[in-house]
Each structure stands twice: as structure tokens, then as C-alpha cells.
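Residue numbers (this note's numbering): 1 to 756.
What follows is one structure encoded as C-alpha cells, with my remarks underneath.
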Amino acid sequence: MGAEEDVSAGRGPSGVTRRAIRTTLCACGAFYVCLYGLDRPVAATYALFAVVSMAALSRIPGTGGQRAALLVRTLPAVWMLLTAGTFLAVRTWTAVAGMLVIGFAIAFVAAAGPRAAGAAPGLQLLYILPCFPPYAPDTLGQRLGGATFGLVLLILAEKYLLPEPRGTTYRELAAGAAGMAARFAAELGRPPYTLPPAEVEAARTTGESLRPLHVEEAERPAGPGLRDRALAHTGLGARTLLGRLATLPPPPPGQPPLRTGRQLLETVGRSAAETGALLAGTGRATDEADALRRLREEVREAAEREPQPVAEVRGRRRAALLEVADAAVAFATAAELAVRGRRAPLPPGTDSGRFWYAGRRAPALWWHRLAAHAGPRSVHFQNAVRISLALAAARTVAGVESLPHGFWAMLAVLSLTRTTVSQTRATVRQALAGTLLGALLAAGVLALVGGHTTVYAAILPLVMLVAFMVGPVRGVGWAQGMFTLVVSFVFAQLAPVTWRLAGVRLMDVVIGSLIGVVFGLLAWPRGAQAELHRAVALLLAREAETVEATTAAVVAGRRDTAPDDRALQLALSLAESAYAQRQSEPRAPVAGAPDWQAAMITGHHVLWGSRRLLARAGPDLGPGNGERLTVRADGVAARMRSAAQHAATVPSAAAPASAPGAPSAGAPAAVGTAVGGTAPAPAAHAAPKGAGGGGAGAGGAAQVPEVVAPSEFFAAQTWLDSLTLDVERVLAPCRAPYPAEAETADSAGPSDPHQS
Numbered sequence: 001m002g003a004e005e006d007v008s009a010g011r012g013p014s015g016v017t018r019r020a021i022r023t024t025l026c027a028c029g030a031f032y033v034c035l036y037g038l039d040r041p042v043a044a045t046y047a048l049f050a051v052v053s054m055a056a057l058s059r060i061p062g063t064g065g066q067r068a069a070l071l072v073r074t075l076p077a078v079w080m081l082l083t084a085g086t087f088l089a090v091r092t093w094t095a096v097a098g099m100l101v102i103g104f105a106i107a108f109v110a111a112a113g114p115r116a117a118g119a120a121p122g123l124q125l126l127y128i129l130p131c132f133p134p135y136a137p138d139t140l141g142q143r144l145g146g147a148t149f150g151l152v153l154l155i156l157a158e159k160y161l162l163p164e165p166r167g168t169t170y171r172e173l174a175a176g177a178a179g180m181a182a183r184f185a186a187e188l189g190r191p192p193y194t195l196p197p198a199e200v201e202a203a204r205t206t207g208e209s210l211r212p213l214h215v216e217e218a219e220r221p222a223g224p225g226l227r228d229r230a231l232a233h234t235g236l237g238a239r240t241l242l243g244r245l246a247t248l249p250p251p252p253p254g255q256p257p258l259r260t261g262r263q264l265l266e267t268v269g270r271s272a273a274e275t276g277a278l279l280a281g282t283g284r285a286t287d288e289a290d291a292l293r294r295l296r297e298e299v300r301e302a303a304e305r306e307p308q309p310v311a312e313v314r315g316r317r318r319a320a321l322l323e324v325a326d327a328a329v330a331f332a333t334a335a336e337l338a339v340r341g342r343r344a345p346l347p348p349g350t351d352s353g354r355f356w357y358a359g360r361r362a363p364a365l366w367w368h369r370l371a372a373h374a375g376p377r378s379v380h381f382q383n384a385v386r387i388s389l390a391l392a393a394a395r396t397v398a399g400v401e402s403l404p405h406g407f408w409a410m411l412a413v414l415s416l417t418r419t420t421v422s423q424t425r426a427t428v429r430q431a432l433a434g435t436l437l438g439a440l441l442a443a444g445v446l447a448l449v450g451g452h453t454t455v456y457a458a459i460l461p462l463v464m465l466v467a468f469m470v471g472p473v474r475g476v477g478w479a480q481g482m483f484t485l486v487v488s489f490v491f492a493q494l495a496p497v498t499w500r501l502a503g504v505r506l507m508d509v510v511i512g513s514l515i516g517v518v519f520g521l522l523a524w525p526r527g528a529q530a531e532l533h534r535a536v537a538l539l540l541a542r543e544a545e546t547v548e549a550t551t552a553a554v555v556a557g558r559r560d561t562a563p564d565d566r567a568l569q570l571a572l573s574l575a576e577s578a579y580a581q582r583q584s585e586p587r588a589p590v591a592g593a594p595d596w597q598a599a600m601i602t603g604h605h606v607l608w609g610s611r612r613l614l615a616r617a618g619p620d621l622g623p624g625n626g627e628r629l630t631v632r633a634d635g636v637a638a639r640m641r642s643a644a645q646h647a648a649t650v651p652s653a654a655a656p657a658s659a660p661g662a663p664s665a666g667a668p669a670a671v672g673t674a675v676g677g678t679a680p681a682p683a684a685h686a687a688p689k690g691a692g693g694g695g696a697g698a699g700g701a702a703q704v705p706e707v708v709a710p711s712e713f714f715a716a717q718t719w720l721d722s723l724t725l726d727v728e729r730v731l732a733p734c735r736a737p738y739p740a741e742a743e744t745a746d747s748a749g750p751s752d753p754h755q756s
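The following block contains the structure:
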């Protein structure tokens, strides 16, 4: 890792220094009190390693106060893990079986978001430590007491010692976006009824600021709880609202906007301002949001009563305004859920499918998240299988071969195994070099000092402080080398040792490293890369299917207030989790990779628009307009399948980008079946004349021959136009003349408000 400041992870120089000081003071303080003050070496060992596991091995994001709160919540889990490890150490096979089950469960909980993922390595170590001989259930009290003492000191230090300032919260970012939306709505109500280019660019920049990669990790709404889901939904609603306002078509030249349109925009502006105040904590009212819901329904009902068909300019303008109103209503509803939690009832007429999580309790939401990832296509499931098998293998080797200090081998597996085999190999090389140098230095010190424990007690705090300061900044080699010194000086105070202890440490790290490499090679060696391509390809195919099915229902006038879109929701969830992991893996720039995040945003837009149209469908559009809309939908779906074809192929760094719409070089022959259909012809996406489809680059705003049709036609057409623009964004990186990694633009995280 470089020395650059990483505020979100707390790994920049200042954050690392604070954490190193807190860890050293708590670990050494708890160790010395238990060992020299109370003469309890077992309690001293567990006190020190409890602090090291949760403060150094774990990477819990956030400020000291946020970490302290999480540590308090994990204390019961720590007690259960120590108890289970103590009793399962009775036999090697019981310890191995426990490692398989408990190791998988701890690693799999990472699906719950960055905080759970950050705490998982430390919790793994707190099971590993007691599951080794000697089998001593009579010492369980000392083990629990020592670990609790160390963690209480750490909680107090995190809360009160060298506190970090909290960064901008996601609610504050969303509140800022709400204020911008209110200003845009006011500007769109005045001539020339469009936003200037500077404001459009500001909308894009503000939307980008709500992307998870641009938000501090601790502030990302990625957890399974109701408020986190609602806050993720709030950010998506804010981005959608800004995008709809920025592309709102103006009224016909020389004609002022209709009174209902002005009223709708004015109410959208007031609702957005009210929602911003609610998110910022300066207001509690929701009157304007309620007024917008009523006005939106009145406009829709008036459109249904209006003599049909209507002219295209009028129909498109009204459909776009209703899209803006729907985005503002969704934004307001999600924000109220994020702020008030289960106390916020869903207003009458709200799509319960969109806000399915409202009113649900935390255990049900946690189960929903974990169940969604309980399969081999989830990267969280893959990671849990990989690490649990590797840890179980290390525990088997340690038990069968009676390795002295065998838990060091498991610690090496835990700290060095990565999600890709190439990353694991590179990490192991550095770790072995650092451990070798650290072992040589430790052997020299142990040989010179011998049994003078006072010397080890005096130098341990300094060595530990340097280890925890240098390791995160200079890389895994330095970390392993310095930690070798730390554990050598710790065990030299617990029992008489010789210089051979350093050799034991080196042997254990070598064994653990080899096991990590083997299982990294056997279990999904490419990490999230291949899974991301497959998941996004499947997602785009599901989007195409939903577009076709929804359009067919609108054309036929079939209403469906509870459509079965679970397949699209699950595909969206798996794609987001794969994308989030991909951000932590090394990657070289490649040509031809689509914009992953744009594909996921398109999935949300497909879900929202499909539900909205199906709830309002009817009557049938007739043969002429039905054919126009079907052809338009077929073009959008074909474009999505073209993007799926690109996403399904893992391009090499040297491969040139192929033209969007044609299969990439080296694409598997069966990819059409894998993603839900065959690749379309390059021209299949073009909007036919008279279909009402705008230019792709303008999101449907370009003027086309006049069409008269029912209001439902223009509502569906506006949705398809916005999806056309979305798909163009997905495919934009595929046309780049130079290799570009679209993945670096964002990180979704497991924050899908529908499924994950």
C-alpha cells in the first residue's frame, strides 16, 4: 500500500498513526496488567490478542466513535467464539469441523457491508486462538476475562483517545443534491425552460458525488438494515431526479408551459427542498411531498380522462414531467424511511414493491441479504468457501503434524490469502521476505537477551508501535517482518524461549502461505473479475427481458400492480456485490470493458419504470402505436443484449476494443445462451422513423415526425428513451480509443434497495 491518505479506511499516515498509538497502548497496557499485575498469563495472552485482532488485523471503517460502537455490538460474538474454540479444541477433527462452519459463517457475514467485512478477520482470529491445544476448558474464565478487558480498553481508547473528525455523511450529500434539485425545478419554470450547460454539468458532478466509491467507506449505506437500505435508495432517487430534471424537454417554441406543468414543477421544487431539510435535520415536515403525491395522481387521472389520442409534443412533455414527479416522490419516500426508520409509514398509493423493506425488522432484513448471496454465483459465498477451506486445511496440518505455535500458520492464511491467486502469490512473496528478515532479527535479539524478560517488556511497546505504523503504509512485507518481532517478544515474556522461536515463526508462515496459495488457485482463482463479467451480462439480459415484457403488457393494456421481477432483482444484487469486491483487486487497464455502474443504474431504472408503467397500463394502444412502441422496445432490448455480449467477454489488456453491437474477439460461442439471447445485429438498436424515439445522445429529446397516441404510449416511450441514454453510457467505454478501466469510476457495494 502506498502512503497516500485514505480517509475512508483510516489508512493514511495520520489515521495509521492514531490507530497504532491506540492499539499499542491498549494491547501493552492490558498485557502488562494481566501478566505482571495479576499474574495471569492466559488472561494476558487473550487480552493482547483481542486488541490486536480487532484493532490491527480488522479494518473497521469510520471514526473512533463508530468503531467503538461496533466493538460493543461484537462483544457477545467474541464471547461465543472464545467459548466454542475452547471446547472444540478437544480433538483435531472437532477443531477442523468448527473451523469449516464458523470460519465460513464469519466470512460470509461480510455480505452485510463494509463494517461487518472489516470486523471479520479479527473475529476469525478470536476463534483460531483458543481452538489449539492445550485443551483447557478450566481456563475459559481467564480467556473471556482477558479478552473482555482488552476490548473494553480498546473501546474507551477508540472513543476518547485521539478522535478523528467525522467526514461528510451520506445524508448530508443527499441533502445537498435535494437543494440543487429544488433550484433546478425553479429554473425550469422560467424562460427558456431549460438548464444552462453549467447547471447540467453541476447535476452530473453532484450525482457522481453520491456514487459509493466517492463516499467515505464508513458512510456508505451498504448495510442490510432498513435505514441503510432506505439511504441507498435515497441516493439513487436523488441522482435519478437530477438526471430527469437535466434532460426535461422544453415546451414547444413560442408556447409557454401549461399551468399543470408549472404547478408540478413548483411542487417538485418545494418537495425537494423539504426533503433536503429532513435529511439535514433542519426540518421534520412532509407536507410538500404529500402534496406532490396528490398532484401527480391528479395529473395522471386528468391525462386518462383527456380525449385520446394526444399530440406527441404534448404527450412527451407531460410524460417527462410525470417522470420527474415520480423521481421526486421516490426520493422523498426513501428519505423519510432513512430518517425515521420503522416509524415512517408508507403513504397510500406507494409502490410497496419498490419499498418492500419498509416496516421490516432487522433479523428479517439480515436474513434477506444473506439468503440472496447463499449460492456459488455470489462473490461473498466464494470468499467464505475459500477462506474456510484454507483455514480448515491449516488447522488439520497443525493438528496432525503437531506444529508448535500452529495458530501462526492459520494467522498467515487469514492475513495473506486474497481473492485472486495472482494477488495472493504477490502478497506471499513479500510476506515471506519480510518474515525471513524479521525472524533473523528476532533470533539475534533472543540469543543476546536470553531470559531477561524485563528487556522484552521494555522494548515491546516501541516495536509494536513501529509495526502498526509501518506495516499499513509500507506493505505486507514490513508488516509480517515487524509482527514477527512483536510475537517473539510477547512469547518470550510468557515462557522461557530460545532463538529457535523465530525459526518456528518462519516455518509456520511458510506453511500458512503455501496453503493460502493452493486454495487461492483451486477456489475461484480469478476473484471477482470473471464473476463481474458474468453477473453484469446476466443483469443486462434480464433488463432486456423486462423491457420487452413490460412493453408487451403496455401495448396490450394489461395492468399488473405486483409484477414478478425477482430474477432482475437478484441479478442486480449479485452484480453489485461482484463490482464492490472488484474495486479491492488489482487490475490493469483494458479496452472494451463497459461501464459497470451504468449497467446497474440502468437495472434500477428498468425496475422502477416497469412497475410504474404496469400499474397504469390500459387500454391497448391499437395496432399502429403498438407496433411503433414494440419496435422501439425491441431496439432498446437489442442494445442491452449487445452490451451483455460485451460484458460477458473478459478482454485482455492488449486486445483492441471491438465495436459495440458486434461480439468481442474471443467471445465464447455459447454466450448468447448464457446471457439470455443471441447477439443482435449492429444496427438493431436504431429507432425507426416515426417511432417517437429520440436520438441516443439526447435521451429522446430530438424532434421526430408528429405522432398522436394515448398517454400510455408517451409514458412508455419516455421510459424507453431514458433507457436508451442509459445503455449508451454503458457502452461508452467500449468505444474508447485507448484502454480504459470503467471499473475505477465507482463502487456500488451491496446496497441494492430491492434485493441485497
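Beta carbons: idealized from backbone N, C-alpha and C, even for Gly.
(1) Taking the straight line between their C-alpha atoms, what separation do you get for Ala206 and Ala178?
(2) Could you check if Arg354 is buried or exposed, using at least 16 other CB atoms within 10 Å of its CB as the buried criterion?
(3) Taking Trp499 as the reference, which of Leu441, Leu195, Gly64 and Ala433 has the closest Cα?
(4) By DSSP, does Ala702 sit in helix, in strand, or in coil?
(5) Return the residue from the list Ala643, Ala364, Val90 and Val109 that minimises the CA-CA distance to Ala77.
(6) Taking the alpha-carbon positions, what's the Trp366 to Trp79 distance?
(7) State the start and end residues of the unbroken alpha helix (DSSP H) segment that holds Ala335.
(8) Can you give the beta carbon distance from Val636 to Thr724, rounded, assuming they're within the 8 angstroms contact cut?
(9) How long is the line joining the alpha carbons of Leu437 and Val504, rounded to whole angstroms?
(10) By DSSP, does Glu164 sit in helix, in strand, or in coil?
(11) Measuring CB to CB, does Ala47 end up less than 7 angstroms from Ala68?
(12) Report the rounded CA-to-CA distance for Ser492 versus Val90, giving the unit in angstroms.
(13) For Gly64, count neighbouring Cβ atoms within 10 angstroms of its own Cβ and tell me buried if that reaches 16, exposed if not.
(14) Roughly how many whole angstroms lie between the Cα atoms of Arg227 and Val339?
(15) Let me know the secondary structure DSSP gives Pro452 once reduced to three states.
(16) What residue range does the alpha helix (DSSP H) around Tyr46 cover?
(17) Decide if the region 423-438 is in contact with the region 469-476; the criterion is three or more beta carbon pairs, one per stretch, under 8 angstroms apart.
(18) Applying the 10 Å Cβ sphere with the 16-neighbour rule, what's the burial state of Ala364?
(19) From the beta carbon of Leu621, is the nearest beta carbon of chain C less than 7 angstroms away?
(20) Apart from the five residues just before and just after Asp560, which ones in its own chain have a Cβ nearer than 6 angstroms to its Cβ?
(21) Measure the C-alpha to C-alpha separation of Ala439 and Pro404 and round it to an integer number of angstroms.
(22) Can you find the residues in the same chain that come closer than 7 angstroms, C-beta to C-beta, to Arg18, ignoring five residues on each side of it along the sequence?
(23) What whole-angstrom Cβ distance do Ala523 and Arg386 have, given they're in contact under 8 angstroms?
(24) Can you tell me the Cα-Cα spacing of Ala599 and Phe381, whole angstroms?
(25) Throw me the rounded Cβ distance for the Thr74 and Leu123 pair, which I believe falls under 8 angstroms.
(26) Ile601 lies in the alpha helix (DSSP H); which residues open and close that run?
(27) Just confirm the distance between the C-beta atoms of Ala394 and Ile515, as a whole number of angstroms; I'd bet it's less than 8 angstroms.
(28) What number of angstroms, rounded off, separates the C-alpha of Ala447 from the C-alpha of Pro496?
(29) Report the three-state DSSP secondary structure of Tyr127 (helix, strand or coil).
(30) Just to confirm before moving on: does the CB-CB distance between Val413 and Gly512 stay below 7 angstroms?
(31) Alpha carbon to alpha carbon, how far is Val466 from Glu216? Give it in angstroms, no decimals.
(32) How would you call Ser610, buried or exposed, if buried means at least 16 neighbouring beta carbons within 10 angstroms?
(33) By how many angstroms is the C-alpha of Phe132 removed from the C-alpha of Ala95?
(34) Taking 7 angstroms as the cut-off, decide whether the C-beta atoms of Val831 and Glu531 are in contact.
(35) Under a three-way DSSP split, which group does Glu401 fall into?
(36) Would you call the CB atoms of Ala549 and Leu574 closer than 7 angstroms?
On the basis of the coordinates in this document:
(1) If you number the sequence shown from 1, residue 206 lands on position 206. If you number the sequence shown from 1, residue 178 lands on position 178. Just to set this straight, residue 206 is Thr in the shown sequence, not Ala. Roughly 10 angstroms between the two C-alpha positions.
(2) For the purposes of this step, residue 354 is taken as residue 354 along the sequence shown, with counting starting at 1. Arg354 should be labelled buried.
(3) In the sequence shown, counting from the first residue as 1, residue 499 sits at position 499. Out of Leu441, Leu195, Gly64 and Ala433, Leu441 has the C-alpha closest to the C-alpha of Trp499.
(4) On the sequence shown, position 702 is the one that residue 702 refers to. At Ala702 the pLDDT is 41, less than 50, meaning the model places this residue with poor confidence and gives no usable figure here.
(5) Here residue 77 is taken as the residue at index 77 of the sequence shown, counted from 1. Closest option to Ala77, Cα to Cα, is Val109.
(6) Taking the sequence shown and counting its residues from 1, the one referred to as residue 366 is at position 366. Taking the sequence shown and counting its residues from 1, the one referred to as residue 79 is at position 79. Rounded to the nearest angstrom, the two C-alpha atoms are 21 angstroms apart.
(7) For the purposes of this step, residue 335 is identified with residue 335 of the sequence shown, where counting begins at 1. Where Ala335 is concerned, the enclosing alpha helix (DSSP H) stretches over Glu312 to Arg340.
(8) Here residue 636 corresponds to residue number 636 of the sequence shown, with the count starting at 1. Here residue 724 corresponds to residue number 724 of the sequence shown, with the count starting at 1. With 8 angstroms as the limit, Val636 and Thr724 qualify as a contact, their Cβ atoms being about 6 angstroms apart.
(9) As a first step, residue 437 must be located in the sequence shown, where it is residue number 437. As a first step, residue 504 must be located in the sequence shown, where it is residue number 504. So the alpha carbons of these two residues sit roughly 14 angstroms apart.
(10) Working through the sequence shown from its first residue, we reach residue 164 at position 164. It is coil, neither helix nor strand.
(11) Walking along the sequence shown from the start, residue 47 turns up at place 47. Walking along the sequence shown from the start, residue 68 turns up at place 68. No, they are not a contact pair.
(12) Sequence index remark: in the sequence shown, residue 492 carries index 492 (1-based). Sequence index remark: in the sequence shown, residue 90 carries index 90 (1-based). Note that residue 492 corresponds to Ala in the displayed sequence, not to Ser. If I take the Cα positions, the gap works out to 26 angstroms.
(13) Walking along the sequence shown from the start, residue 64 turns up at place 64. Here Gly64 is buried. Its C-beta has 16 or more other C-beta atoms within 10 Å.
(14) As a first step, residue 227 must be located in the sequence shown, where it is residue number 227. As a first step, residue 339 must be located in the sequence shown, where it is residue number 339. In a straight line, the C-alpha of Arg227 is about 7 angstroms away from that of Val339.
(15) As a position in the sequence shown, residue 452 is number 452, starting the count at 1. The question names Pro, yet the displayed sequence has His at residue 452. His452 falls in the coil class under three-state DSSP.
(16) One-based indexing of the sequence shown puts residue 46 at position 46. Element bounds for Tyr46: Pro41 to Val52.
(17) yes
(18) The residue you call residue 364 lines up with position 364 of the sequence shown. The residue in question, Ala364, is exposed, as its Cβ has fewer than 16 Cβ neighbours within 10 Å.
(19) Judged by its chain identifiers, the structure shown contains no chain C, having just a single protein chain.
(20) Residue mapping note: residue 560 aligns to position 560 of the sequence shown, counting from 1. Counting only Cβ-Cβ distances below 6 angstroms, and skipping sequence neighbours, we find Leu614.
(21) Translated into positions along the sequence shown, residue 439 becomes position 439. Translated into positions along the sequence shown, residue 404 becomes position 404. Cα to Cα, Ala439 sits roughly 16 angstroms from Pro404.
(22) Position 18 of the sequence shown, counted from the first residue, corresponds to residue 18. If we look at Arg18 and ignore the five residues flanking it on each side, its Cβ neighbours are Leu162 and Glu164.
(23) For the purposes of this step, residue 523 is taken as residue 523 along the sequence shown, with counting starting at 1. For the purposes of this step, residue 386 is taken as residue 386 along the sequence shown, with counting starting at 1. Indeed, because the Cβ distance is near 4 angstroms, the residues count as touching under 8 angstroms.
(24) Here residue 599 is taken as the residue at index 599 of the sequence shown, counted from 1. Here residue 381 is taken as the residue at index 381 of the sequence shown, counted from 1. Distance between the alpha carbons of Ala599 and Phe381 is about 23 angstroms.
(25) Taking the first residue of the sequence shown as position 1, residue 74 is located at position 74. Taking the first residue of the sequence shown as position 1, residue 123 is located at position 123. Indeed they touch by this definition, with Cβ atoms about 7 angstroms apart.
(26) On the sequence shown, residue 601 is found 601 positions in, with the first residue counted as 1. Ile601 -> alpha helix (DSSP H) spans Trp596 to Arg616.
(27) As a first step, residue 394 is located in the sequence shown; it is residue number 394 there, counting from the start. As a first step, residue 515 is located in the sequence shown; it is residue number 515 there, counting from the start. At roughly 5 angstroms, the Cβ-Cβ gap stays under 8 angstroms, so Ala394 and Ile515 are in contact.
(28) On the sequence shown, position 447 is the one that residue 447 refers to. On the sequence shown, position 496 is the one that residue 496 refers to. About 12 angstroms.
(29) Residue 127 sits at position 127 when you count from the first residue of the sequence shown. Three-state result, Tyr127: helix.
(30) Counting from one through the sequence shown, the residue named residue 413 turns up at place 413. Counting from one through the sequence shown, the residue named residue 512 turns up at place 512. The answer is yes: Cβ separation under 7 angstroms.
(31) The residue given as residue 216 occupies position 216 in the sequence shown. The residue given as residue 466 occupies position 466 in the sequence shown. Approximately 27 angstroms, taken between the alpha carbons.
(32) As a working note, residue 610 is residue 610 in the sequence shown. The residue is buried, with at least 16 neighbouring Cβ atoms inside 10 Å.
(33) In the sequence shown, the residue the question calls residue 95 occupies position 95. In the sequence shown, the residue the question calls residue 132 occupies position 132. Distance between the alpha carbons of Ala95 and Phe132 is about 8 angstroms.
(34) Since the first residue shown for the chain is 1 and the last is 756, residue 831 is missing from the structure and cannot be characterised.
(35) Position 401 of the sequence shown, counted from the start, is the residue given in the question as residue 401. Here Glu401 sits in coil by DSSP.
(36) The residue labelled residue 549 in the question sits at position 549 within the sequence shown. The residue labelled residue 574 in the question sits at position 574 within the sequence shown. Going by C-beta atoms, Ala549 is not nearer than 7 angstroms to Leu574.
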